[in-house]
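Colleague: First, the structure itself, so that you have it in front of you.
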Amino acid sequence: MGAAVLSVALCAATYPAYASWVNGLPPDGQSSAVAAAAPDVTDPSQYVSGDGHDHNHDDPATKNAVSRVKQTSATKDTTTAEQAAAAKAAVKAQRAEKDPTLVTAPAAPARTAVPADRYAMAGGCYALQDVASKKWVTRSGSTFAATGASVSSAVPLTFQASDLGTYLLYGKDTTFVATSGAGAVQTAATPSAAAEWVVQKTSKGFTFTQSKTALAVTKGAVAQGTAAPFALRTTTGCAKYPEIQTNVKGGPFGGTSPFQEVRGYLDAHTHGMAFEFLGGDVHCGRPWHPYGVAYALQDCPDHKLANGAGAVLENFTRSGVPVGTHDPVGWPTFKDWPAPDSLTHEGTYYKWLERSWRGGQRILVNLLVENNQLCKIYPVKRNSCDDMTSLRLQADDMRKLERYIDAQSGGPGKGWYRIVTDPW
Numbered sequence: 040m041g042a043a044v045l046s047v048a049l050c051a052a053t054y055p056a057y058a059s060w061v062n063g064l065p066p067d068g069q070s071s072a073v074a075a076a077a078p079d080v081t082d083p084s085q086y087v088s089g090d091g092h093d094h095n096h097d098d099p100a101t102k103n104a105v106s107r108v109k110q111t112s113a114t115k116d117t118t119t120a121e122q123a124a125a126a127k128a129a130v131k132a133q134r135a136e137k138d139p140t141l142v143t144a145p146a147a148p149a150r151t152a153v154p155a156d157r158y159a160m161a162g163g164c165y166a167l168q169d170v171a172s173k174k175w176v177t178r179s180g181s182t183f184a185a186t187g188a189s190v191s192s193a194v195p196l197t198f199q200a201s202d203l204g205t206y207l208l209y210g211k212d213t214t215f216v217a218t219s220g221a222g223a224v225q226t227a228a229t230p231s232a233a234a235e236w237v238v239q240k241t242s243k244g245f246t247f248t249q250s251k252t253a254l255a256v257t258k259g260a261v262a263q264g265t266a267a268p269f270a271l272r273t274t275t276g277c278a279k280y281p282e283i284q285t286n287v288k289g290g291p292f293g294g295t296s297p298f299q300e301v302r303g304y305l306d307a308h309t310h311g312m313a314f315e316f317l318g319g320d321v322h323c324g325r326p327w328h329p330y331g332v333a334y335a336l337q338d339c340p341d342h343k344l345a346n347g348a349g350a351v352l353e354n355f356t357r358s359g360v361p362v363g364t365h366d367p368v369g370w371p372t373f374k375d376w377p378a379p380d381s382l383t384h385e386g387t388y389y390k391w392l393e394r395s396w397r398g399g400q401r402i403l404v405n406l407l408v409e410n411n412q413l414c415k416i417y418p419v420k421r422n423s424c425d426d427m428t429s430l431r432l433q434a435d436d437m438r439k440l441e442r443y444i445d446a447q448s449g450g451p452g453k454g455w456y457r458i459v460t461d462p463w
């Protein structure tokens, strides 16, 4: 049983305070000599005409209410007394039911010496054998060749999934198997599209391809060309790909059927894809990256200048003034971020979500969020400020994260992060 993820769209119009502020901004393409001031949210008088009654943000009884407008004929509850009584009786009956049976979720199957499919090698340590020559792939300097007589002579490679069925081949010296100019295949210091290999299983073995080339063996040398089939075998001696650990022992619980009543806790308000909003350059870091944590949890370029002195928005939201500093290093030290008061840094990295799921979280509500007026004001951006374009982008990112977690978990549908569209 994985964590069910719901998504809800949210825009500036939801909040009267923000809506009244952005309505005071000049129309698109026009400038104003006087900047529109944000409203004084502590002044209750401004809310009388907007939502029908006084409001105080310091009053726990009303400060978090979804709607504060008085009831009208259009919003009046049409539930009859009989319907209300039936609903109460149904709730009472459900509460009297026995708790559903919970069992430990099935553990991942043990890794086999030969991968069963193109997804099974994720996170594993393997040696490659050229099927045609029966020779194992070895390494000499920065190049590779099919010259090994036994699996023990082969170069050990970690298969790090960057997507479903797509891998980085990570060497024990932290380099990558990558294509280069003139049809060569050699080591690379950093991951890139040249180091991503789409794996397919054929009747003869596994092939490794890229958009315009493939892994081949030519006169014993591993090079680019027509895809050659390779056999894979588990081996030892691989380097561990950098990643955050959950530091949780024991298996999570699940139900006895795929549609059983859920038990656990929920997080009803997150903005897991907020790294895309306000143009995409306000938020530093992201919940995942195809190349892992070292690329996902990096600070913004303007934050890296002078230890955060250039992070004007971060400083303002954190302390009320645009001046300040912070340690821009995220992974692996995390000295100053993530933090509860750091609003421009990533706080929902997928391994942190996994830890929460393993601790009992079963529902995560992801709010898709945008404010097109603030987006237009912020000078640095890479994404559209259109509300719906931004929300669709964030929804698509949720699907990509689901794929990425599936890729780490052994294949489609095997991950713990499941986007739900119905109760079943």
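Positions in the sequence shown are counted from 1; adding 39 to them yields my numbering. For every residue, glycine included, the Cβ atom is placed at its ideal position computed from N, Cα and C.
Could you tell me which uninterrupted alpha helix (DSSP H) segments, each at least 4 residues in length, are contained entirely in the region 110 to 145, listed from first to last along the chain?
Modeller: DSSP runs (the alpha helix (DSSP H)) wholly in the region 110 to 145: 120 to 135.
Colleague: At which residues does the alpha helix (DSSP H) containing T356 begin and terminate?
Modeller: Element bounds for T356: V351 to S358.
Colleague: Grab the span of the beta strand (DSSP E) containing K453 for me, first residue to last.
Modeller: It is not in any beta strand (DSSP E) - K453 carries neither H nor E in the DSSP assignment.
Colleague: Is N411 helix, strand or coil by DSSP?
Modeller: Helix, per DSSP.
Colleague: Given that a residue counts as buried once 16 or more other Cβ atoms are within 10 Å of its Cβ, and exposed if not, what is T197?
Modeller: Under this definition T197 is a buried residue.
Colleague: Quick check on T197: does DSSP put it in helix, strand or coil?
Modeller: Strand, per DSSP.
Colleague: Buried or exposed: T460, going by 16 or more other Cβ atoms within 10 Å of its Cβ?
Modeller: Exposed: under 16 other Cβ atoms inside 10 Å.
Colleague: Measure the CB-CB distance between R394 and V261 and report whether it falls below 8 Å.
Modeller: Contact: no.
Colleague: Got a sec? Which residues, its chain only, sit under 7 Å from T214 by beta carbon, not counting five neighbours each side?
Modeller: Same-chain partners within the cutoff: T226, A227 and A228.
Colleague: Beta strand (DSSP E) containing W463: first to last residue?
Modeller: No beta strand (DSSP E) contains W463, which DSSP labels as neither H nor E.
Colleague: Distance, Cα to Cα, D426 vs N410?
Modeller: One C-alpha to the other measures close to 7 Å.
Colleague: Look up L432 in the DSSP assignment and say whether it is helix, strand or coil.
Modeller: L432: helix per DSSP, three-state reduction.
Colleague: If you check the beta carbons only, do A126 and R457 fall under 8 Å apart?
Modeller: Contact: no.
Colleague: Straight-line CA distance for Q263 to G289?
Modeller: Computed Cα separation, rounded: 44 Å.
Colleague: Got a sec, what are the start and stop residues for the beta strand (DSSP E) A307 sits in?
Modeller: First-last of the beta strand (DSSP E) with A307: Y304 to T309.
Colleague: Fully enclosed by the region 267 to 329, which alpha helix (DSSP H) runs are 4 residues long or longer?
Modeller: With a minimum length of 4 residues, no continuous alpha helix (DSSP H) run stays inside the region 267 to 329.
Colleague: Three or more C-beta pairs closer than 8 Å, one from the region 142 to 153 and one from the region 228 to 239: is that the case here?
Modeller: The region 142 to 153, when compared against the region 228 to 239, does not touch it at the 8 Å Cβ threshold.
Colleague: DSSP three-state call for A166: helix, strand or coil?
Modeller: Strand.
Colleague: Would you say the region 138 to 145 touches the region 297 to 304, given that touching needs at least three Cβ pairs under 8 Å?
Modeller: Contact between the region 138 to 145 and the region 297 to 304 is present, because at least three Cβ pairs lie under 8 Å.
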